[in-house]
């Protein structure tokens, strides 16, 4: 009736045990709803949202294709922790909005909270582009004249401001497939600051990422966990909300803490675990984390020449190539040396398990990142590591692959750069453009020493 071709769904079907919405589209095949027949076409899952495509077939009318965008990262209560995922979602919706299309249908549990936030942000960002000014209050007042209670809470209202500020923070954050033109533009001097746009963006990045606070990284500050941190630096501790919890029962009263944190990619939550290279005191913890998270791939970014006396080798060498680490046994099955990377095949066995539990793990050790250098010898180094890591993750029936563990001396400098490069390459491949500034910022908010 209204020629709708896009639907924005700002909730999950069930939240906090409460049904927010019943599926009004088939999860597969086709389903009839009164005089309409809905045909499932496709579904895509990303870290913060899902995209569903289905065809609507009315009786005696032409079939119409509809795309539904479901935002899945809004918490059961309150607002999202950061607004970057929300921005990614909004961009995905608007990039695919065709000129002359019908109105955008937006809905949530109440129709006046999350939906109102989405509508307000979308409208005010359009105002910023057209008029070079924004007026959030005025727009929210207009919405309330047509529907009461739009934007229900103060937190939602301030979140609108946060998202808009984030979107307008710097210019030239989007990079498309025309990389050379974008690079040239960012390298040019800003006539106002007399510096490159790269330098301007980096200064904004540094100024708008605050350090971690003690309450957010409380576990890493506990006395019993201090020996598990290589560096006595708050900004190199993992936020409790994002660290892997060691779950396998252990003897000797070991804690559930390891200095590591989950990092989302564009397409997957917890796609990476970045961590410091293992120390003698954390060898068992390291393998416990690998085991608990069903890890298949380890990317090691420290060459042997960079390692100091705090580093502990966590895989065996010699004959027999077998070593025990607490309740875990690790064997070296094969090793291949190449110019840029050494590839090792390891087998991890849990010794105290009642059933045979053997895992195959691939370790990729970077050989082309000189000590003291902030970046590797070439771009090809990181891209080859990324492609090898992606390849080792692939399994035919795997719904979502386990995290890739990435480690370096501090769990930030090299590991963070590697993850940013992987995420931007993946996003560019999927979307044809990527916001590098906010990709970096999102990781820096969790680990400020990254980049």
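Numbering (full-length UniProt numbering), first residue to last: 1 to 451. Even for Gly, the Cβ is constructed at its ideal location relative to N, Cα and C.
Inter-residue spacing [alpha-carbon to alpha-carbon] between residue i and residue j
{"i": "residue 7", "j": "residue 160", "result": "20 Å"}
{"i": "residue 433", "j": "residue 82", "result": "21 Å"}
{"i": "residue 99", "j": "residue 212", "result": "44 Å"}
{"i": "residue 137", "j": "residue 67", "result": "31 Å"}
{"i": "residue 355", "j": "residue 38", "result": "46 Å"}
{"i": "residue 22", "j": "residue 94", "result": "25 Å"}
{"i": "residue 157", "j": "residue 338", "result": "55 Å"}
{"i": "residue 447", "j": "residue 269", "result": "17 Å"}
{"i": "residue 118", "j": "residue 124", "result": "10 Å"}
{"i": "residue 48", "j": "residue 74", "result": "9 Å"}
{"i": "residue 16", "j": "residue 292", "result": "25 Å"}
{"i": "residue 130", "j": "residue 296", "result": "49 Å"}
{"i": "residue 408", "j": "residue 53", "result": "41 Å"}
{"i": "residue 190", "j": "residue 198", "result": "9 Å"}
{"i": "residue 475", "j": "residue 236", "result": "Coverage of the chain is limited to positions 1 through 451, which leaves residue 475 absent and any answer about it impossible."}
{"i": "residue 165", "j": "residue 229", "result": "35 Å"}
{"i": "residue 401", "j": "residue 264", "result": "12 Å"}
{"i": "residue 419", "j": "residue 375", "result": "13 Å"}
{"i": "residue 294", "j": "residue 261", "result": "15 Å"}
{"i": "residue 151", "j": "residue 112", "result": "6 Å"}
{"i": "residue 392", "j": "residue 385", "result": "11 Å"}
{"i": "residue 4", "j": "residue 29", "result": "22 Å"}
{"i": "residue 70", "j": "residue 194", "result": "43 Å"}
{"i": "residue 390", "j": "residue 404", "result": "9 Å"}
{"i": "residue 187", "j": "residue 196", "result": "5 Å"}
{"i": "residue 309", "j": "residue 382", "result": "26 Å"}
{"i": "residue 334", "j": "residue 323", "result": "15 Å"}
{"i": "residue 394", "j": "residue 413", "result": "27 Å"}
{"i": "residue 238", "j": "residue 216", "result": "8 Å"}
{"i": "residue 370", "j": "residue 331", "result": "28 Å"}
{"i": "residue 290", "j": "residue 18", "result": "34 Å"}
{"i": "residue 358", "j": "residue 50", "result": "34 Å"}
{"i": "residue 149", "j": "residue 143", "result": "9 Å"}
{"i": "residue 14", "j": "residue 89", "result": "20 Å"}
{"i": "residue 115", "j": "residue 234", "result": "37 Å"}
Span of the beta strand (DSSP E), counted from its first residue to its last, around residue i
{"i": "residue 274", "result": "272-276"}
{"i": "residue 318", "result": "First-last for residue 318: undefined, no H or E at that position."}
{"i": "residue 388", "result": "Residue 388 -> not in any beta strand (DSSP E); alpha helix (DSSP H) instead, spanning 379-393."}
{"i": "residue 360", "result": "358-366"}
{"i": "residue 419", "result": "Counting along the chain, residue 419 falls outside any beta strand (DSSP E), though it belongs to the alpha helix (DSSP H) covering 413-431."}
{"i": "residue 298", "result": "297-300"}
{"i": "residue 407", "result": "404-408"}
{"i": "residue 346", "result": "341-350"}
{"i": "residue 447", "result": "Segment: none, residue 447 is in no beta strand (DSSP E) and carries neither H nor E."}
{"i": "residue 184", "result": "Unbroken run through residue 184 is the alpha helix (DSSP H), 179-187; no beta strand (DSSP E)."}
{"i": "residue 192", "result": "Element bounds for residue 192: n/a, residue is neither H nor E."}
{"i": "residue 70", "result": "64-71"}
{"i": "residue 1", "result": "Neither: residue 1 is in no beta strand (DSSP E) and is coded neither H nor E."}
{"i": "residue 303", "result": "Careful: residue 303 lies outside any beta strand (DSSP E) and carries neither H nor E."}
{"i": "residue 175", "result": "174-176"}
Residue i CB to nearest heavy atom of the ligand GDP below 6 Å
{"i": "residue 340", "result": "In terms of ligand content, the structure shown is empty, and the ligand GDP therefore cannot be addressed."}
Beta carbon of residue i nearer than 7 Å to that of residue j
{"i": "residue 218", "j": "residue 240", "result": "yes"}
{"i": "residue 329", "j": "residue 351", "result": "yes"}
{"i": "residue 367", "j": "residue 342", "result": "yes"}
{"i": "residue 274", "j": "residue 415", "result": "yes"}
{"i": "residue 406", "j": "residue 299", "result": "yes"}
{"i": "residue 153", "j": "residue 266", "result": "no"}
{"i": "residue 423", "j": "residue 439", "result": "yes"}
{"i": "residue 170", "j": "residue 121", "result": "no"}
{"i": "residue 109", "j": "residue 20", "result": "yes"}
{"i": "residue 255", "j": "residue 225", "result": "yes"}
{"i": "residue 315", "j": "residue 364", "result": "no"}
{"i": "residue 276", "j": "residue 373", "result": "no"}
{"i": "residue 56", "j": "residue 36", "result": "yes"}
{"i": "residue 9", "j": "residue 26", "result": "no"}
{"i": "residue 511", "j": "residue 209", "result": "Limits of the chain in this structure are 1 at one end and 451 at the other, which puts residue 511 out of reach."}
{"i": "residue 80", "j": "residue 2", "result": "no"}
{"i": "residue 441", "j": "residue 221", "result": "no"}
{"i": "residue 91", "j": "residue 167", "result": "no"}
{"i": "residue 141", "j": "residue 134", "result": "no"}
{"i": "residue 182", "j": "residue 192", "result": "no"}
Distance between beta carbons of residue j and residue i, contact taken as under 8 Å
{"i": "residue 280", "j": "residue 321", "result": "About 20 Å; that fails the 8 Å criterion."}
{"i": "residue 435", "j": "residue 173", "result": "5 Å"}
Unbroken alpha helix (DSSP H) run spanning residue i, endpoints
{"i": "residue 54", "result": "First-last for residue 54: 49-58, but that is the beta strand (DSSP E), not the alpha helix (DSSP H)."}
{"i": "residue 286", "result": "283-292"}
{"i": "residue 334", "result": "Unbroken run through residue 334 is the beta strand (DSSP E), 328-337; no alpha helix (DSSP H)."}
Please go through the region 73-155 and give each complete beta strand (DSSP E) segment of 3 or more residues, from N-terminal end onward.
Every beta strand (DSSP E) of 3 residues or more that sits fully in the region 73-155 is shown, in chain order, as 105-107.
What are the complete beta strand (DSSP E) segments, minimum 3 residues, inside the region 205-277?
260-263 and 272-276, all fully within the region 205-277.
Taking only runs that begin and end inside the region 12-45, name each unbroken beta strand (DSSP E) of 3 or more residues, in chain order.
Correct list: 30-33 and 36-45.
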